[in-house]
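This note's numbering numbers the first residue of the sequence shown as 276 and each following residue consecutively. Glycine included, every Cβ here is placed at the ideal spot set by N, Cα and C. Worksheet for the structure shown next.
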Amino acid sequence: MSIKRFNADVRAAVVKVKETKSFDVTSVSRGDSDGEFTATFEHPALASPLDIRFLAQDTSEYPDGNHFLIFTDSEDVPSHIAKALQELGSFSFGQTVLEMIMTATKHLTRTLASSSDEPDIDGDNDVEMTDAEDDDMYDDDFDDEDGFDYDQHFGLSSARLEASVPVSAAQKLGLAMSQRVKRDLRKVREAGFKIGILCGLEPDSRSSIISMSIRASKLLLSEEALQAWDLDNADYVILLMRIDGIYPMFDSVIQRPASSFNVEFRFGKSIKYKPSLHQALAAFATSKRVFDIPVSRNVSDKSDSQEKFKKLFISSSLEQYMNEAFLSLAKLRNNNQGMSWDRANSMFRFMNGGFDAKEEMDSVEVDTSPSETSKALPPVLLVDHLTDTGERSMPLIAMEFAMRYFVRCNEFCLRCHCPLKEQFEALKPYVCANPLCLFQYMALGLGPSIEHEILTQPYVVDLLVSFCYAAVKNPAHMNRPWQPGQPQALSRSIREYPVGLRFKVPHMTFDEDDSSLIEVKVEPDFARVKVENFKDMDRLAGKTWVVFHEKLPHQLHRIHHGYITNVDTRSMTVEVEKMGLSVLDPLTMSSSRAGPAAAAVYGVTADQQTPHAKGPPGPKIMHMALYEDDFDDLDEDKKSLAMSLVLDTLPSIIESRSHLARHPHSRLRSWERISPAAAALLEWIVASNRSCIFQVDYIAENVNGTVPDDTGSTATTDLANTPPIKFRENEKIPEMDGWVQFRFAQGSPDKELRFSHALTEVAARKNLQYPTLFAWHGSRLSNWHSILRHGLDFNEVMNGRAFGNGVYFSQEFHTSSGYAGAGGAATTWPNASLKLNSALSLNEIINAPDEYVSSTPHLVVAQVDWIQCRYLFVQRYVEYTVADYMKQAKQTVHPQLTSHSGVPPKEDKKPEPQMLIQDPHRTVRGPKATQLKIPLAAIPSARVPQGQAVESKQGKELDDPVYYQSDDEEPEDINFLLDWEGTTVPQKRTISRISSTEPIKPCARPLTPAYTGQPLTDFRPGTLDLKSLPILQPPSWATDLARKQIGKEIKKLAEVQARTPLHELGWYIDVDNIENMFQWIVELHSFDSQLPLAKDMKKAGVTSIVLEIRFGREYPISPPFVRVIRPRFLPFMQNGGGHVLSGGSMCMELLTTNGWTPANSMEAVLLQVRMAMCSVDPRPARLERTDGPGGSYGIGEAADAFTRAAVTHGWTVPNDLRETAGQVGFPGV
């Protein structure tokens, strides 16, 4: 079917309408575009003829896979007619042009009829479909896999279907739709992902939301990546998919324009496998699309804050990428066999004007094998569903795309998503060298989520802002002695400014006659401001930021920051919310917040800080300036001044974190407390830092979750609703108590790459046993902003070069700490929580002292690529009151660490972290003049010396049995996927039980005994003679669903078996020799030596219990049949136990219809069976004979014993038990 068929039908309809008078359509004509036609409808109840336009949505699938968009351009259309036209589109699916005309005629005629609300299906105007047409359009046989393979309309209206679509046919249509959707979602689950149905996916749903998720542990991320990306192995990585109306059948949507794709995505994480509907709706609240999601139930969210759906650092970039390009990339791959996602992305960018993608496109391999990636993909992502033949699932393709991109995100540009050419893999992604990408990254908020950084690492953000504030506020000449005859140039410590972001800053001038200033009369409380000149009113608007200039003694200016909330033109007044103060020194072009710190530094008295304290308060004349200066047009001094003023208005990071916790999924830019300039500057500060920094130790806040500022006020952090901050106590250097510790998980990628190359070259050339050493470096606070971005160098000389040109280090703590200080005037960011006083770094240096400029008494290193910061230590000021500052304004305040009023959270005692082995001739010493103990985590895991490897959590499964059983999945989600064609699924149980009254008392998992030099298990895999066992041929009734599910289970168990030591696993499957996937031979082994069963096995010379597992035709809906083949166990009547019945089958409710759920994995089954055999309640398992291997059980006696036990306990035996047990269906039995 194609556009040709459509055009032919339009021509036929034109002729048919002219020849017949059986309905009220007077003419039909082709429309203005392909796939469109117009029909003119006339009726006595209408004042004039109605031109109805029909636009086919998919002519390539016409008529079976097409539906029509129906509307009219006529003016003054009655509301009931407009509603009728809207309803028509709901049941236009699969209709031909003529059928659509007849359906529209009948529906409009009934709508206009005033005699009855019910449709007259027997009226004269009926034109009935023939039996042949009806049978051809709605076949009774809807096969699960092959039937009804065209794109179905999944947004059917609840309105009555007309006679042209019989009710029975509509029911079949709805069933076929549901079956297709469920087949698609079952494919997602079969691929290893979890499905959550949040709303919709019903025949009358106009919008739907589904979630797809996977445990982070399944993605095999490195420990460094888990830390940098704020993930735990237990977290679920979630892709939300919202559908508007029609369910997107893949083979249909790829034929349509990408602009018509009716799906939107959101990406994040949660500790649950799916978010609540409330959380999902909140995640889509920022969408520009309008979705109709009727919520008929209370969707208030009462979940714990830790269970909420949270964004990841990559969420914004990935969501934009998928919403803009996913369907286009899928279409390119579908139309170009063998094309990979990387090549499709290059071609997509080239087609959209990215001419630089042509060379890159030619260099990308064409095949889609895993070798195309530079990073090995986890097993769950090795399959590429888009390349499958037959019916393909759009949700599965989207999930595979999202997860593939996520695990490799640091290989791509965050904006254009091209492959990065850097040879060193950064922990976090960045942008490519394209200036446009860099601009969008910085200016448009398309870089890392600043909200995510504040929520997860607030003190790291506080640190970065504090360093930037110190850099722009403190002139560089204040860092070194002034030499007579030299001009005091006001050069700053900052090297680069945030140019190119085009943000506006307040107009700063000390000339009161400046025409850009607005003269105002200000009330003492700043609630109302009177504008003196009416012409200035045109320049003012609500929701804008301004500053007010006020002169102070000593040539100082006080700057009041304000936010205009309302403008009253009639009274020439504006309402202002006061947002803070700054004190400005015109001589040094330096600012300071007007608080205690300002009083100490500038000599501002208490009276001067409160000008209306003496005498009655009254209005005061000031000059107001708008945020109208372009930052890029300012000179460097004014840039620094503007940045310090803007940062004075920025709320504390702790307060910002509290706001974000109360308003999830909101942008910081939308908060009225933050000016656009402050938001842009904050994003630049965070985004321009490419070092990956982690907070190591606990920083206590004051009681009630508040952090005092320098005025004594506090900012509530709302700890009850704020996610906890992660600390890394195992990475802490114990000798550095009294200092707040931060660790560089990775420096800037380009510098880390140069360091890695230099280390490789020097270590090979000098054959170094200890390739690196560690040393201290102290520097003033104003220098650290640039150090974090460019590394340590010697471009600026602050303290002389007595021992030559280079970067100075010392391996003695007290030597370097003397150079770490605030650096003159108060450089502390007024809203900081850390209140920095000094900073000191611990650095890794290539160990070649003979090639340094000097190695005694200091290390002077000229090779800047030989240096990498690994730890940063900062000290904090003691909090002083205003009175304290006034008393000590002229004294030297000895810096101390702020005392913690809180107590760090109690944690279980953990083993001491493994320490790095240092060069014994070049050890670094701490504050106590003893060798500093440096955790092995200080250096990247890829460079951990052999023999010092730290156990990694990468790819580890959780120890909780619930994890293995997937018991967190909700029954309704499983039922939705598998409840079709009359099949129902029992409610899922949280714990599979052996009896209906008592749960299993789990025994310990296989223990790991202390190493004694002997093998840890007497079991030897591969020694079982499979020929001695009843090996069966594949059954004749094997279903595709069962084959797929069993294949997935075999693959999963093989992966677990490959990475887990035998003595810890406790079971073994000879995967290579499985010839019939419906029959498994499993050996249980390595039982606890204290169990009676283990003692009997040792006496009998038996090293394993041989099990047989058979899968029936209804698996995974029905449970497998599990039995012991050999050795024989002591029956329960003879004081046996271990839940092994007299016939060798297992007495477990889990293996009956009552206890089974399709969500159970075979790994969970093996675990439960082993736990049952380990159970000593009511009696332990014992072997029937201990003088030899003993006999074997028969399949018949096992099935009979299982049936008897089930009847006794009141359990339901699976319907296919007899068939599964080998009575029928298995050839050769």
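What are the start and end residues of each continuous beta strand (DSSP E) run of 3 or more residues lying completely inside the segment 1019-1071, in chain order?
Complete beta strand (DSSP E) runs here, min 3: 1047-1054.
Which residues mark the beginning and the end of the beta strand (DSSP E) in which residue 1142 is found?
By one-based count along the sequence shown, residue 1142 stands at place 867. Judged by DSSP secondary structure, residue 1142 falls within the beta strand (DSSP E) whose first and last residues are 1142-1151.
So residue 584 packs on residue 513, CB below 8 Å; how close in whole Å?
Here residue 584 corresponds to residue number 309 of the sequence shown, with the count starting at 1. Here residue 513 corresponds to residue number 238 of the sequence shown, with the count starting at 1. The pair is a contact, with the Cβ atoms about 7 Å apart (cut-off 8 Å).
Name the residue from 1037, 1379, 842 whose alpha carbon lies nearest to the alpha carbon of residue 1140.
Start at 1 with the first residue of the sequence shown, and residue 1140 comes out as number 865. Considering only 1037, 1379, 842, the residue with the shortest C-alpha distance to residue 1140 is 1037.
Which residues in the same chain as residue 1444 place their Cβ atom closer than 8 Å to its Cβ, once the five residues preceding and following it in sequence are excluded?
By one-based count along the sequence shown, residue 1444 stands at place 1169. These residues qualify, in order along the chain: 1359, 1382, 1397, 1421, 1423.
Assuming residue 1024 contacts residue 900 under a Cβ cut-off of 8 Å, what Cβ separation, rounded to an integer in Å, is found between them?
Locating residue 1024 in the sequence shown gives position 749, where the first residue counts as 1. Locating residue 900 in the sequence shown gives position 625, where the first residue counts as 1. By a beta-carbon distance limit of 8 Å, residue 1024 does not contact residue 900. Their separation comes to about 41 Å.
Using the C-alpha atoms, what's the distance from residue 924 back to residue 795?
Taking the first residue of the sequence shown as position 1, residue 795 is located at position 520. Taking the first residue of the sequence shown as position 1, residue 924 is located at position 649. Answer to the nearest angstrom: the Cα atoms are 21 Å apart.
Apart from the five residues on each side of it in sequence, which residues of its chain come closer than 7 Å, Cβ to Cβ, to residue 1491?
For the purposes of this step, residue 1491 is taken as the residue at position 1216 of the sequence shown. Taken in chain order, the residues that qualify are 1387, 1388, 1389, 1393.
Below 9 Å between beta carbons: does that hold for residue 731 and residue 507?
Numbered from its first residue, the sequence shown carries residue 731 at position 456. Numbered from its first residue, the sequence shown carries residue 507 at position 232. Against a cut-off of 9 Å, the Cβ pair of residue 507 and residue 731 comes out as no contact.
With DSSP as the reference, label residue 903 as helix, strand or coil.
As a first step, residue 903 is located in the sequence shown; it is residue number 628 there, counting from the start. Note: residue 903 maps to strand in three-state DSSP.
Throw me the rounded Cβ distance for the residue 677 and residue 626 pair, which I believe falls under 8 Å.
As a first step, residue 677 is located in the sequence shown; it is residue number 402 there, counting from the start. As a first step, residue 626 is located in the sequence shown; it is residue number 351 there, counting from the start. With 8 Å as the limit, residue 677 and residue 626 do not qualify as a contact, their Cβ atoms being about 22 Å apart.
Cβ-based burial, residue 1089 [other Cβ within 10 Å; buried from 16]
Within the sequence shown, numbered from 1, the residue matching residue 1089 stands at position 814. Counting the other Cβ atoms within 10 Å of the Cβ of residue 1089 gives fewer than 16, which makes it exposed.
Measuring alpha carbon to alpha carbon, tell me which residue in 310, 307, 288, 311 is nearest residue 301.
What you label residue 301 is simply residue 26 of the sequence shown in a count that begins at 1. Of all alpha-carbon atoms in 310, 307, 288, 311, the one lying nearest the alpha-carbon of residue 301 is that of 288.
Taking the CB atoms as reference points, tell me whether residue 1087 and residue 1213 lie closer together than 9 Å.
Reading the sequence shown from its first residue, position 812 is the one you call residue 1087. Reading the sequence shown from its first residue, position 938 is the one you call residue 1213. Against a cut-off of 9 Å, the Cβ pair of residue 1213 and residue 1087 comes out as no contact.
How do the segment 1433-1442 and the segment 1399-1409 stand: do at least 3 beta-carbon pairs fall below 8 Å, yes or no?
No, the segment 1433-1442 does not touch the segment 1399-1409.
Give every residue of the same chain whose Cβ lies closer than 6 Å to the Cβ of residue 317, excluding the five residues on either side of it in the sequence, and list them in chain order.
Counting from one through the sequence shown, the residue named residue 317 turns up at place 42. In chain order, 299, 301, 324 place their CB closer than 6 Å to the CB of residue 317, counting only its own chain and leaving out the 5 sequence neighbours on each side.
Alpha carbon to alpha carbon, how far is residue 1375 from residue 1493?
Locating residue 1375 in the sequence shown gives position 1100, where the first residue counts as 1. Locating residue 1493 in the sequence shown gives position 1218, where the first residue counts as 1. For residue 1375 and residue 1493, the distance between alpha carbons rounds to 33 Å.
My guess is that residue 949 and residue 1015 are in contact by the Cβ rule of under 8 Å, so how many angstroms apart are they, rounded?
Taking the first residue of the sequence shown as position 1, residue 949 is located at position 674. Taking the first residue of the sequence shown as position 1, residue 1015 is located at position 740. With a beta-carbon spacing of about 25 Å, residue 949 and residue 1015 fall beyond the 8 Å limit used to define contacts.
Residue 502 versus residue 1084: straight-line alpha-carbon distance, rounded:
Counting from 1 along the sequence shown, the entry for residue 502 is found at position 227. Counting from 1 along the sequence shown, the entry for residue 1084 is found at position 809. Rounded to whole angstroms, residue 502 to residue 1084 spans 29 Å at the Cα level.
Starting from the C-beta of residue 1021, find all residues in its chain whose C-beta is less than 8 Å away, skip the five residues before and the five after it, and write them out in chain order.
Mapped onto the sequence shown, residue 1021 falls at position 746. Same-chain partners within the cutoff: 499, 503, 701, 702, 966, 967, 1027, 1215.
Under the DSSP definition of a beta bridge, which residues are partnered with residue 843?
As a first step, residue 843 is located in the sequence shown; it is residue number 568 there, counting from the start. Paired residue(s): 848.
Other residues of its chain near residue 1095: CB distance less than 7 Å, five sequence neighbours each side excluded:
Against the sequence shown, residue 1095 aligns to sequence position 820. Cβ within range, chain order: 1053, 1054, 1113, 1114, 1115.
Runs of 3 residues minimum, wholly inside the segment 806-836: which ones carry the beta strand (DSSP E) assignment?
The segment 806-836 contains these whole beta strand (DSSP E) runs: 819-826.
Please classify residue 854: does DSSP put it in a helix, a strand, or coil?
Working through the sequence shown from its first residue, we reach residue 854 at position 579. Strand, per DSSP.
Spatial distance of residue 1473 from residue 1415 (CA atoms)
The residue you call residue 1473 lines up with position 1198 of the sequence shown. The residue you call residue 1415 lines up with position 1140 of the sequence shown. The alpha-carbon atoms of residue 1473 and residue 1415 are separated by roughly 10 Å.
Are residue 549 and residue 471 close, meaning C-beta to C-beta below 9 Å?
On the sequence shown, position 274 is the one that residue 549 refers to. On the sequence shown, position 196 is the one that residue 471 refers to. Yes, Cβ-Cβ distance for residue 549 and residue 471 is below 9 Å.
The alpha helix (DSSP H) spanning residue 619 covers which residue range?
Along the sequence shown, one-based indexing puts residue 619 at 344. Under the DSSP assignment, residue 619 falls in the alpha helix (DSSP H) whose first and last residues are 616-626.
Let's test the definition: count the other Cβ atoms within 10 Å of the Cβ of residue 1466 and tell me whether it reaches 16, buried, or not, exposed.
Here residue 1466 corresponds to residue number 1191 of the sequence shown, with the count starting at 1. Residue 1466 is classed as exposed because its beta carbon has fewer than 16 other beta carbons within 10 Å across all chains shown.
Among the candidates 816, 1124, 1121, 1105, whose CA atom is the shortest distance from the CA of residue 1152?
Looking up residue 1152 in the sequence shown gives position 877. Selected option, being the one with the closest Cα: 1105.
Quick check: what's the CA-CA separation for residue 1478 versus residue 1355?
For the purposes of this step, residue 1478 is identified with residue 1203 of the sequence shown, where counting begins at 1. For the purposes of this step, residue 1355 is identified with residue 1080 of the sequence shown, where counting begins at 1. Spanning the two alpha carbons is a distance of roughly 21 Å.
Residue 466 versus 1325, 733, 554, 307, residue with shortest Cα-Cα distance:
As a position in the sequence shown, residue 466 is number 191, starting the count at 1. Nearest to residue 466 by C-alpha distance, out of 1325, 733, 554, 307, is 1325.
Hey, residue 339 and residue 369: beta-carbon distance below 9 Å or not?
Against the sequence shown, residue 339 aligns to sequence position 64. Against the sequence shown, residue 369 aligns to sequence position 94. Annotated as proximal: residue 339 and residue 369, with beta-carbon spacing under 9 Å.
What's the C-alpha gap between residue 291 and residue 614?
Indexing the sequence shown from 1 puts residue 291 at position 16. Indexing the sequence shown from 1 puts residue 614 at position 339. So the two alpha carbons sit approximately 47 Å from each other.
Under 9 Å between C-beta atoms of residue 1352 and residue 1321:
Within the sequence shown, the letter at position 1077 stands for residue 1352. Within the sequence shown, the letter at position 1046 stands for residue 1321. In this structure, the beta-carbon distance from residue 1352 to residue 1321 falls below 9 Å.
Could you spell out where the alpha helix (DSSP H) holding residue 301 opens and where it closes?
Position 26 of the sequence shown holds residue 301. Per DSSP, residue 301 lies in no alpha helix (DSSP H); the unbroken beta strand (DSSP E) holding it starts and ends at 300-305.
Within a Cβ cutoff of 8 Å, which residues of the same chain sit near residue 1301, ignoring the five residues on either side of it in sequence?
Along the sequence shown, read from residue 1 onward, the residue named residue 1301 stands at position 1026. Counting only Cβ-Cβ distances below 8 Å, and skipping sequence neighbours, we find 1345, 1348, 1356.
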